[in-house]
Amino acid sequence: MTAPAFDIAVIGGGIVGLASARALLQRRPQLRLVLLEKERTLGAHQTGHNSGVLHSGIYYRPGSLRARLCVEGRDEMVAFCKSNGIRHEECGKLILATREEELPRLDALYERGVANGLTGIRRLGPPEIADVEPHARGLAAVHTPTTGIVDYGGVVRALAREIADLGGEIRTNGRVWDIRRGGATTTIETEQGPITVRAFVNCAGLYSDLVARMAGAEPDVQIIPFRGEYYLLRPSARRLVRGLIYPVPDPSLPFLGVHLTRMVGGDVEAGPNAVFAFAREGYSVWNVQAAEIIGSLRYRGLWRLAARWWRTAAYEYYRSFSKAEFVRSLQRLVPDLRPEDVFRHGAGVRAQAVTRTGELFDDFYVLPQDGAIHLLNAPSPAATASLAIGRHVAELSADAFSL
Ligand SMILES: Cc1cc2nc3c(=O)[nH]c(=O)nc-3n(C[C@H](O)[C@H](O)[C@H](O)COP(=O)(O)OP(=O)(O)OC[C@H]3O[C@@H](n4cnc5c(N)ncnc54)[C@H](O)[C@@H]3O)c2cc1C
Numbered sequence: 223m224t225a226p227a228f229d230i231a232v233i234g235g236g237i238v239g240l241a242s243a244r245a246l247l248q249r250r251p252q253l254r255l256v257l258l259e260k261e262r263t264l265g266a267h268q269t270g271h272n273s274g275v276l277h278s279g280i281y282y283r284p285g286s287l288r289a290r291l292c293v294e295g296r297d298e299m300v301a302f303c304k305s306n307g308i309r310h311e312e313c314g315k316l317i318l319a320t321r322e323e324e325l326p327r328l329d330a331l332y333e334r335g336v337a338n339g340l341t342g343i344r345r346l347g348p349p350e351i352a353d354v355e356p357h358a359r360g361l362a363a364v365h366t367p368t369t370g371i372v373d374y375g376g377v378v379r380a381l382a383r384e385i386a387d388l389g390g391e392i393r394t395n396g397r398v399w400d401i402r403r404g405g406a407t408t409t410i411e412t413e414q415g416p417i418t419v420r421a422f423v424n425c426a427g428l429y430s431d432l433v434a435r436m437a438g439a440e441p442d443v444q445i446i447p448f449r450g451e452y453y454l455l456r457p458s459a460r461r462l463v464r465g466l467i468y469p470v471p472d473p474s475l476p477f478l479g480v481h482l483t484r485m486v487g488g489d490v491e492a493g494p495n496a497v498f499a500f501a502r503e504g505y506s507v508w509n510v511q512a513a514e515i516i517g518s519l520r521y522r523g524l525w526r527l528a529a530r531w532w533r534t535a536a537y538e539y540y541r542s543f544s545k546a547e548f549v550r551s552l553q554r555l556v557p558d559l560r561p562e563d564v565f566r567h568g569a570g571v572r573a574q575a576v577t578r579t580g581e582l583f584d585d586f587y588v589l590p591q592d593g594a595i596h597l598l599n600a601p602s603p604a605a606t607a608s609l610a611i612g613r614h615v616a617e618l619s620a621d622a623f624s625l
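For the working numbering, add 222 to where a residue sits in the sequence shown, where the first one is 1.
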C-alpha cells in the first residue's frame, strides 16, 4: 500500500481554514499539508463578506470557547496585523441602551465583559456618550476600547503567503465532493482529482456539516444560512459616526442587531440584519437553491427554531424589504441619520449551526472524528478569533492524529 500523498488536508480557504493550516505548519514544520478551496480565490464567503470588526469578547458566556478564543485571538490578530503591515485600528465601540428595558441587559453585558477580562471597559452616561460619539443618543452605554476594525482581506493574503513560506500547498478551484475513509488513509475526491491524506480538518463554513457527512460523521447540528444585509452611508453622512455604534443585543440570539461600523478604508457600513437565506451562499433574496431549501426544511431543528422565533423572523423580513424600517433601527442609535443618507450595499451569509431541538448553537463547535476534526460552528467572532482557533485546532490535531 502506498503512503498518503499528504499528512493533512485543510478543507476550506476562509480565514479559519487558513489560520488552522498556518498553526499546523508552525507546530510541525515538516508536515506535508494541502489546503483545498472550492473557489478561485481565498476568503470568498463569510470571511470576504463580514463587517471587518475585531471583537473585544464582551458578548460571550464566560468560560465558553468563544469568550476565551475571542479575547486571545483579538490580541494575536492585532500583533499579526502590526507585524504584517495590515490596516487595523483599535477605535473602540459603544453599546447603547436606548430604552429603559435595555438597561438591565446592558449591565449584564458589562459584567460579562469584566468576567471575560476585557481591559478598559467603562459604563457611560449620556454626557460621556456624547464625548465618544457626538451624534449618538442613549440612556446609558458600555464602551469597549479594545474593539477595533481590520482589513480581513489583508489578513487572508498574509496567511496564504505564510502557509506557502512554511511549505504548505494551497489549491483553489479544488472543491471537495466526496471523502472515503480506509484505515490509515483517507481519499478526498476533489474537482482536481483524488488526494490521499492521513487526516483532515474540515473548515468548510457554510458547507461544514455536509463535508462532515461526506466523511461518515453524524453531526447533531445542521448549518442554517442567515443572510445579513448591509447599507452604506453616503460620504456626506460619515461625520455622524466616529467608530462603532451597536444596540444592546437580545441575549437569546447570536446576532448583534443592526449597527454602524466604520471600516478601515473610511466607509461607514450599517447592518447587518439576519434573515433566513434560500441558499447557503444566498447573497440576495433572488438567490434560491431548491435542494438546499429542501435540505433545511426537512430538518426538524429548523421548524422548532421557527416555532420559537417566527415573530422575530417575520420582523427581520419586513425590515429587509423596508428601507424606512431599517433606517428607523439606525435612528434609535443616531437620530440625525436620514433615509437619503444610506443606500443598499451587499450582504454576507452566516453559517449558524442549529441543533435538532431548534437551539442556535451558542459556542464554537469542534467535533473530532477518527482521522478528522470538523469545525461545525464558527460564526462571529470567528474572524477575530481565527488565529486562536487555528492554534486550538493544531493542538487538538497533535493529540488526535499524533502529528
Ligand atoms: C455578515 C457577517 C458579518 C460578520 N462580521 C464579523 C466581524 O465583524 N468580526 C468577526 O470576527 N466575525 C464576523 N463574522 C463572522 C466571520 O466572518 C466568520 O465567522 C468567519 O469568516 C468564518 O470563517 P471560515 O473560514 O470558517 O468560513 P468561510 O470564510 O465561509 O470559509 C469557508 C470556505 O470553505 C470553502 N468550502 C466550502 N465547501 C467546500 C468544499 N466542499 N470544498 C472546498 N472548499 C469548500 C468555501 O468556499 C469558503 O471559502 C461575520 C460574518 C458574516 C456573515
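Backbone N, C-alpha and C define an ideal beta-carbon position, used for all residues, glycine too.
Label residue i either buried or exposed according to how many other C-beta atoms from any shown protein chain fall within 10 Å of its C-beta, with 16 as the threshold for buried.
i	result
V336	exposed
A319	buried
T366	buried
Y429	buried
G587	Per the sequence presented here, residue 587 reads as Tyr, with Gly not at that position. With 16 or more Cβ atoms within 10 Å of its Cβ, Y587 is classed as buried.
P356	exposed
S608	buried
G285	exposed
F448	buried
P574	The sequence shown places Gln at residue 574, rather than the Pro named in the question. Buried, because 16 or more other Cβ atoms sit within 10 Å of the Cβ of Q574.
I516	exposed
S273	buried
L316	buried
R262	exposed
P557	exposed
S624	exposed
G347	exposed
T408	buried
G612	buried
R522	exposed
Y374	buried
R502	buried
D400	exposed
R533	exposed
S602	buried
S305	exposed
R321	exposed
C583	The residue asked about is misnamed: residue 583 is Phe in this sequence, not Cys. Counting Cβ neighbours within 10 Å, F583 comes out buried, since at least 16 surround it.
Can you check DSSP and say which residues form a bridge with residue i?
i	result
D400	E411
H614	In the DSSP output, where bridge partners are listed per residue, H614 has none listed.
A566	Reading off the sequence shown, one finds Arg at residue 566, where the question assumed Ala. In DSSP, R566 forms a bridge with Y453.
Y587	N599
E482	Correcting the residue type first, residue 482 is Leu in the shown sequence and not Glu. Answer is I467 and A492.
F422	A231 and A594
R572	F448
T577	V443
L257	V232 and I392
H267	For H267, which the question treats as bridged, DSSP gives no partner whatsoever.
G370	L276
P251	Answer by DSSP bridge pairing: none, since P251 is not bridged.
Could you give the C-beta distance for residue i and residue j, rounded to a whole number, given that I count them as a contact under 8 Å?
i	j	result
D563	R456	6 Å
H271	A605	Contact doesn't hold; Cβ gap of about 11 Å is too wide.
L328	V364	6 Å
R566	S551	Contact doesn't hold; Cβ gap of about 15 Å is too wide.
I371	C313	6 Å
L527	V576	6 Å
I237	G265	6 Å
V470	E324	4 Å
G396	E514	That pair is no contact at about 21 Å.
F422	A594	5 Å
A437	R403	6 Å
P441	H267	19 Å between Cβ atoms; not a contact.
A459	G234	Not a contact, Cβ separation roughly 37 Å.
L287	D585	5 Å
T418	P226	4 Å
Would you check whether ligand 2 has a heavy atom nearer than 7 Å to the C-beta of residue i?
i	result
V293	With respect to ligand 2, the structure offers nothing, as its ligand set consists of ligand 1.
Is residue i close to chain B? Criterion is C-beta to C-beta, closer than 8 Å.
i	result
V571	No chain B is present in this structure, which holds just one protein chain.
field: Given 8 Å, three or more beta-carbon pairs between the region 491-505 and the region 471-480
entry: yes
message: If contact is defined by three or more beta carbon pairs under 8 Å, each pair taking one atom from either stretch, is the region 277-292 in contact with the region 250-257?
response: no
- prompt: If we count Cβ pairs, one from each stretch, closer than 8 Å, do we get three or more for the region 440-456 versus the region 293-307?
  reply: no
message: So, does the region 360-373 touch the region 344-352, judging by three or more C-beta pairs under 8 Å?
response: yes
task: Check whether the region 546-565 touches the region 500-520, taking contact to mean three or more Cβ pairs, one atom from each stretch, closer than 8 Å.
output: no
- request: Would you be able to state if there are at least three C-beta pairs under 8 Å between the region 603-618 and the region 236-250?
  value: yes
- prompt: Any chance the region 482-491 sits against the region 408-415, with 3 or more Cβ pairs inside 8 Å?
  reply: no
- request: May I have a chain-ordered list of the beta strand (DSSP E) segments no shorter than 3 residues that lie completely inside the region 272-303?
  value: none
message: Restricting to runs no shorter than 4 residues, where is the alpha helix (DSSP H) found entirely within the region 496-547?
response: 512-519 and 522-543
- request: Please go through the region 329-355 and give each complete beta strand (DSSP E) segment of 3 or more residues, from N-terminal end onward.
  value: 344-346
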